Amino acid sequence: MLLLFFILPLLYMVWLSFHDGMPPASLTLENYLNVVTTDLYLRVVWRTTVLTVQTTALVVVLGYTLAYSMARFSKRTTLLLLLVILPFWTNYIVRMYALINIFSRDGLLDWMQLVTGLAQEPSGIMYTHTAVLLGLTYVWLPLATLPFYASLTNMDDNLIEAAKDLGAGPIETFFTVTLPMTKNGVIGGIILVAIPTFGAFVTPTLLGGTDQLMIGMVIENQFTEAFNWPFGSALSVIVSAFVVLMLLIAVKFGAGDVVTRRSDTQ
Amino acid sequence: MAYDGNHASRRSVLGAAGGVGAAALAGCLGGGDDIEHVRPIEIESFPVEEYESEVNVWNWYTDWVDWHTDEFQESYEGIDRVYSQAYSGPSEWYSRLEAGNDEIDNICATNEWVVRAMDNDYLEPLPVEQMEAWDVLDPLAREDAEEYYSRDGEVYAIPESIVMQPSLTYNTEYFNSPPDSWGVLWDEDLAGMMFMEDWPEVSCRIAALYTGQDPNDPDDFEEIEEVLMQQRDLNVTYWNEFSSAMEMFIDEEVVVGPLRDGRTWMAQFLNDAPIDYAVPEEGMMYTYDNFVIPTGAPNPRASAAWIEHGGQISSRVQLFAEMGYVPPIENLEDELTQVVSEEEAAFADWLDPDELIFVEPLDEETLDRYDEIWTTVVAG
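Keeping their order, the protein sequence lines are chains A and B. In terms of our numbering, the first sequence has 109 at position 122, counting the first letter as 1, and numbering is strictly consecutive. In terms of our numbering, the second sequence has 166 at position 53, counting the first letter as 1, and numbering is strictly consecutive.
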């Protein structure tokens, strides 16, 4: 099954990326050369990377705070977890349209700002970098919160008590005990957010303005409009390489511990 | 609604979500009738006398499909089920044809996708000589179909609607008179009050017209890129989704930009928005949405019957009444006033051949260049 549904499609994509047209066509490296020698695509990749880092950072901060609050301060965790995953019950596109209504001029966000006096006149944040960033954060926040929560609940509370007994304050305890002990969950969450964000195209397409071109949008366009599948495949291979790189980094810095630890206990 | 292209509309997405199950079911159940399977081209006369009991239709004119389904089933007794799917982008149905179609009977396919599908043998030729849906077409539409949608003397598509691709839509309260040129999109006084369409084939073609070139076969791509770069910062956004673009006009977030005539009509007559379309001196580009039958259609007779019934004048004018898209028929205004007001019918009065430029399917090189240019422009 792994071979049929994962490996073969990936190999086909790699194979296609080395052609100068749809097979049967001659083999070429031109698609990759085009990517690496055209600063246009490198700029798009860079922009995508920046947005991915921003989104991931925002999700980690918000998601970890949320998970920490649920794990430490709430007794109704089941209900809260249900609320966290509630957005997944709604179609992704529908959620995007909901955001459009919120972000648009005279939308819900404008109304709240006017009511609270934060703004004097409606402006809306649609078609801006902020809209895309918030949209991506909204979409991936639940996905990251769950591994954060799992790692926090698996942590031994006695370690926190021990740190306090030894004189550590709340902030020092958090950074020297809680965060390191939940590192695997954090890295897992980062992977779950960074990978799909890097390939995102629906959110920036619907919420973004004239400056929000991401690599996923370029790839999508190659397959559905330009019909240059080999070049789209080459771009996809590069995105996939980024994903593999992320996984390798995650394994190196700790997510591999989880695998190792589980293997040890079996 | 030519080319709701790669762009999901609110209605179509919701429709698609609801229709996908039914369509899948149709794929499983389709073609189970106990009648001889024929190719559409082999049907000798209309109305079809013997047909399957169901048909699976992919058409993004959702309001019209709802209306037509009832009429169709009333006229063709024994059609028990009409499965309709409102796809959000042509690549959805095209990928199914590539995979080997055995579920879709009928598609409303836009211009370049018809040619693409035809060139890859994904479409069935149609018995147009027998069909009234063909006879009622305006000569312009018939000639275009014969030139672009036929191979070896066989026609593969019958135009369902003729569509501005795009319309030059503007706010009638902001402008004292209609803009007379695509150059209005380069007017710096309108910075922050316009948008462009996020589709290379449309935006690059507009730029080609603006620079005095043939939009179907430009000779100076660098100039096209240059003017699009100049125009870039004047835009609020590059829109990618039709209903949002229409609402930006309704909300007066923009006062001018490329849209479609149907969307302009909806905003004007269904939402009372102060907008209209202008006819630029460089010319108005147009295309067609077309009835086609894909190869492998499990219910070819019912599908041909759907086209024949939907292609009657009474059905075609209803498309305008429901959604504002113009049927490519003769005596258009007279026919439209049977179902809409004279004011609404006058909206469709843009078919002056002297001002029309057909959006021809692009050759591979031009398509690639347009795509490169647009990627460069959008990447800034």
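Glycine residues also receive a C-beta, built at the ideal position from the N, C-alpha and C atoms. Because the structure is a prediction, the values reported are computed rather than measured.
| Query | Result |
| --- | --- |
| Endpoints, alpha helix (DSSP H) assigned at TRP463(B) | Neither: TRP463(B) is in no alpha helix (DSSP H) and is coded neither H nor E. |
| Integer Cβ distance of THR132(A) from THR39(A), believed to fall under 8 Å | About 18 Å separates the two Cβ atoms, so there is no contact after all. |
| Per DSSP, the bridge partner or partners of HIS6(A) | LEU14(A) |
| Contacting positions in the stretch 348 to 359 of chain B - beta carbon closer than 7 Å to chain A | ASN348, VAL349, THR350, TYR351, ASN353, GLU354 and SER357 |
| Proximity below 8 Å, CB of ASN412(B) to CB of ALA222(B) | no |
| Local Cβ density within 10 Å of THR24(A), reported as buried at 16 or more and exposed below that | exposed |
| Reduced DSSP category for GLU310(B) - H, G, I as helix; E, B as strand; rest coil | strand |
| Chain B contacts from the stretch 199 to 213 of chain A (Cβ-Cβ distance under 9 Å) | GLN199, LEU200, MET204, VAL205, GLU207, ASN208, GLN209, PHE210, THR211, GLU212 and ALA213 |
| For ASP193(B), the first and last residue of its enclosing alpha helix (DSSP H) | From DSSP, ASP193(B) is part of no alpha helix (DSSP H); its letter is neither H nor E. |
| Contacts of ARG30(A) in chain B (Cβ-Cβ under 7 Å) | ALA492 |
| PRO258(A) to LEU(-9)(A) span [Cα, whole Å] | Since the first and last residues shown for chain A are -12 and 253, residue 258(A) lies out of range. |
| Own chain, CB closer than 7 Å to THR247(A), minus 5 neighbours either side, in chain order | The predicted position of THR247(A) is uncertain, since its pLDDT is 48 and thus under 50; a value taken from the coordinates is nonetheless stated next. Result list for THR247(A): empty, nothing under 7 Å. |
| Chain-ordered neighbours of ARG63(A) on chain B, where CB pairs are closer than 7 Å | None at all; the shortest Cβ gap to chain B is about 32 Å. |
| Coil, strand or helix - PHE159(B) by DSSP | coil |
| Cβ of TYR114(A) within 8 Å of any chain B Cβ | yes |
| Residue from GLU211(B), TYR207(B) and ILE217(B) whose Cα sits closest to the Cα of TRP419(B) | ILE217(B) |
| 8 Å Cβ cut-off: residues of chain A touching GLY202(B) | THR211 |
| Nearest-angstrom Cβ-Cβ length linking LEU322(B) and GLU395(B), presumed shorter than 8 Å | 4 Å |
| Neighbourhood of MET204(A) by C-beta, 7 Å cutoff - its chain only, sequence neighbours within 5 removed | PHE188, PRO191 and THR192 |
| Cβ pair ILE442(B), PRO371(B) closer than 8 Å | no |
| Beta-carbon neighbours of LEU120(A), restricted to chain B and to distances below 9 Å | By Cβ distance, chain B contributes nothing, its closest Cβ being about 16 Å from LEU120(A), past 9 Å. |
| Buried versus exposed, by CB contacts within 10 Å (16 or more), ASN88(A) | exposed |
| Top-ranked residue by Cα proximity to VAL81(A), from MET113(A), VAL126(A), PHE161(A) and VAL31(A) | VAL126(A) |
| Proximity winner among ALA461(B), GLU421(B), ASN444(B) and ALA410(B), relative to ALA434(B) (alpha-carbon distances) | ALA461(B) |
| Contacts of GLY196(A) in chain B (Cβ-Cβ under 9 Å) | ASN348, VAL349, THR350 and TYR351 |
| Entirely enclosed beta strand (DSSP E) segments - the stretch 246 to 326 of chain B, minimum 3 residues | 271 to 277, 280 to 284 and 307 to 310 |
| For TYR390(B) and SER280(B), believed in contact at Cβ under 8 Å, the rounded distance | 4 Å |
| Proximity to ALA458(B) [Cα-Cα], best of VAL439(B), PHE471(B), ASP467(B) and VAL170(B) | VAL439(B) |
| Sub-8 Å separation of SER416(B) and GLU184(B) beta-carbons | no |
| Short-range partners of chain B found in the stretch 24 to 58 of chain A, where Cβ spacing is below 7 Å | LEU27, ARG30 and VAL31 |
| Continuous alpha helix (DSSP H) stretch holding MET99(A): start and end | 95 to 103 |
| Chain A within 8 Å of PRO313(B), Cβ atoms only | yes |
| Pairwise C-alpha distance: TRP216(A) and LEU17(A) | Before going further, note that residue 17(A) is Glu rather than Leu in the sequence given. Answer to the nearest angstrom: the Cα atoms are 13 Å apart. |
| Test: THR15(A) CB closer than 8 Å to a CB of chain B | no |
| CB contact below 8 Å: THR488(B) versus chain A | yes |
| Cβ of ASN18(A) within 8 Å of any chain B Cβ | no |
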